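Peer 1:
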Amino acid sequence: MRISIIGCGAIGSAIARAIDKKIIPAKLAGIYDLDSSKINKLYSHLKTKPTISKNLRDAMKSCDLVVECASQNAVKEIFKLSCNLKKDIFVLTVGALIVHPEILKKAKKYNFKIYFPSGAIVGLDGINALNIEKNKIKSVTLTTTKPPKSLGFKKCIKRKVVFYGTAEEAVKKYPANINVCATLALSSIGAKRTKVQIVVDPKIKSNKHEIEVISDFGRFTTKTENVPSKENPRTSYLAILSAISALKQLCS
Ligand SMILES: NC(=O)c1ccc[n+]([C@@H]2O[C@H](COP(=O)([O-])OP(=O)(O)OC[C@H]3O[C@@H](n4cnc5c(N)ncnc54)[C@H](O)[C@@H]3O)[C@@H](O)[C@H]2O)c1
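Residue numbers (the working numbering): 288 to 539.
1. Return the CA-CA distance between residue 425 and residue 385, expressed in angstroms with no decimal places.
2. For ligand 1, I want to know if residue 350 counts as a neighbour, meaning its beta carbon is within less than 6 Å of at least one of the ligand's heavy atoms.
3. For chain B, find out if any of its Cβ atoms is closer than 7 Å to the Cβ of residue 373; answer yes or no.
4. Between which two residues does the alpha helix (DSSP H) holding residue 471 run?
5. Since residue 450 is in the beta strand (DSSP E), which residue starts that stretch and which ends it?
6. Hey, how far is the Cα of residue 484 from the Cα of residue 453?
7. Work out the CA separation of residue 465 and residue 451 for me, nearest whole Å.
8. Taking C-alpha atoms, which residue in 373, 388, 339, 432 lies nearest to residue 326?
9. Contact check, residue 349 vs residue 304 under 8 Å by CB: the rounded distance?
10. Based on the DSSP output, what are the partners of residue 484 in its beta bridges?
11. Terminal residues of the continuous alpha helix (DSSP H) containing residue 344?
12. At the level of alpha carbons, what is the spacing between residue 309 and residue 291?
13. Determine the extent of the beta strand (DSSP E) in which residue 289 is found, giving its start and end residues.
14. Whole angstroms is fine: what's the gap from residue 381's alpha carbon to residue 421's?
15. Considering residue 422, what are the terminal residues of the alpha helix (DSSP H) in which it resides?
16. Less than 6 Å separating the Cβ of residue 345 from some heavy atom of ligand 1?
17. Spatial neighbours of residue 457 within its chain, please: CB distance less than 6 Å, with the 5 preceding and 5 following residues excluded, ordered by chain position.
18. For the region 484-493 against the region 433-450, do three or more pairs of beta-carbon atoms, one drawn from each stretch, fall closer than 8 Å, so that the two count as touching?
19. How far does the alpha helix (DSSP H) with residue 366 in it extend, from its first residue to its last?
20. In this structure, does DSSP put residue 491 in helix, strand or coil?
21. In whole angstroms, what separates the C-alpha of residue 370 from that of residue 399?
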């Protein structure tokens, strides 16, 4: 499998290194970022040098699977090109699939696949099992607690709820911070029905995600306390590992 990585930040670089170390059995066909310093830094750390793509189209043309690790805008641009180039897409900025619902609809019509990893949460195996029988999940709630800085709050001295609403509203308000709610919503009852609460707490250093699922077949809760990645404190290290693990499976 030939992979091109779009976005050479914390996640994109870690995936590229995992390909370089043969943890993911794939060929790194291209790397692309809007910021050339990010490309150069990643390139210098790789033993097997990939092509530095001139632009997004070039990166996409040279691969079988496009791995997006960039932004909601990037997902939109990749999707537009994929309608012609028919490339499968592995998406990290999962919130984009909710903000632009046409992406999932048209991918089916134009016959290319969209994948996303479990990210910084656990429990999707239980949700997938519940999905075997239709309409049995009654409610899904995510409570995410983060250090105030990671959401841009500078003067916060005590724990407070800063958002309560649907997953659809959450990914629009926090496009770079709450992709896990999109992953959860797309895997369960959709973005309009999945409830999200975001809390900031100056006493914590980890990103905490608590999920409650109520269904006809019982109730379960999961709790994840994630160490942030060193390169990007907004990104949990588990999200990086989940992407590497999913790509390893996809390419094996
Ligand atoms: N699915 C999940 O659970 C999960 C978890 C953490 C982060 N994310 C998302 O994954 C994405 C990458 O995260 P990260 O920690 O690597 O971020 P990062 O900020 O470290 O890196 C993102 C890189 O993408 C580049 N970029 C942005 N827009 C681009 C575009 N249109 N074309 C090309 N390059 C572009 C930036 O220059 C930057 O180098 C973010 O959107 C983030 O919100 C998802």
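We treat Cβ as the ideally placed atom computed from N, Cα and C, and that holds for glycine.
Remember, predicted model here, so these are calculated numbers, not experimental data.
Peer 2: Reading off the structure:
1. Translated into positions along the sequence shown, residue 425 becomes position 138. Translated into positions along the sequence shown, residue 385 becomes position 98. Residue 425 and residue 385 have their C-alpha atoms some 20 Å from each other.
2. Mapped onto the sequence shown, residue 350 falls at position 63. No - ligand 1 has no heavy atom lying nearer than 6 Å to the Cβ of residue 350.
3. No chain B is part of this structure, which consists of one protein chain only.
4. Taking the sequence shown and counting its residues from 1, one reaches residue 471 at position 184. Residue 471 -> alpha helix (DSSP H) spans 466-474.
5. As a first step, residue 450 is located in the sequence shown; it is residue number 163 there, counting from the start. For residue 450, the enclosing beta strand (DSSP E) starts and ends at 447-453.
6. Walking along the sequence shown from the start, residue 484 turns up at place 197. Walking along the sequence shown from the start, residue 453 turns up at place 166. Computed Cα separation, rounded: 9 Å.
7. As a working mapping, residue 451 is identified with position 164 in the sequence shown. As a working mapping, residue 465 is identified with position 178 in the sequence shown. Taking the straight line joining both Cα atoms gives about 13 Å.
8. Numbered from its first residue, the sequence shown carries residue 326 at position 39. Ranking 373, 388, 339, 432 by Cα distance to residue 326 puts 339 first.
9. In the sequence shown, counting from the first residue as 1, residue 349 sits at position 62. In the sequence shown, counting from the first residue as 1, residue 304 sits at position 17. Their Cβ separation, rounded to whole angstroms, is 20 Å, which puts residue 349 and residue 304 out of contact at 8 Å.
10. One-based indexing of the sequence shown puts residue 484 at position 197. Paired residue(s): 430, 451.
11. Here residue 344 is taken as the residue at index 57 of the sequence shown, counted from 1. Residue 344 -> alpha helix (DSSP H) spans 343-348.
12. In the sequence shown, counting from the first residue as 1, residue 309 sits at position 22. In the sequence shown, counting from the first residue as 1, residue 291 sits at position 4. Cα-Cα distance, rounded: 15 Å.
13. Sequence index remark: in the sequence shown, residue 289 carries index 2 (1-based). Segment 289-293, the beta strand (DSSP E) holding residue 289.
14. As a working mapping, residue 381 is identified with position 94 in the sequence shown. As a working mapping, residue 421 is identified with position 134 in the sequence shown. Roughly 23 Å between the two C-alpha positions.
15. Looking up residue 422 in the sequence shown gives position 135. Per DSSP, residue 422 lies in no alpha helix (DSSP H) and is assigned neither H nor E.
16. Taking the sequence shown and counting its residues from 1, the one referred to as residue 345 is at position 58. Because no heavy atom of ligand 1 lies under 6 Å away, the Cβ of residue 345 does not count as near it: no.
17. By one-based count along the sequence shown, residue 457 stands at place 170. The answer, listed in chain order, is 465, 468, 483.
18. Cβ pair count under 8 Å is three or more, so yes.
19. Taking the sequence shown and counting its residues from 1, the one referred to as residue 366 is at position 79. Per DSSP, residue 366 is one residue of the alpha helix (DSSP H) stretching across 359-372.
20. Here residue 491 refers to the residue found at position 204 when the sequence shown is read from its first residue. Residue state for residue 491 is assigned as coil, using DSSP reduced to three classes.
21. Indexing the sequence shown from 1 puts residue 370 at position 83. Indexing the sequence shown from 1 puts residue 399 at position 112. Between residue 370 and residue 399, the C-alpha separation is close to 8 Å.
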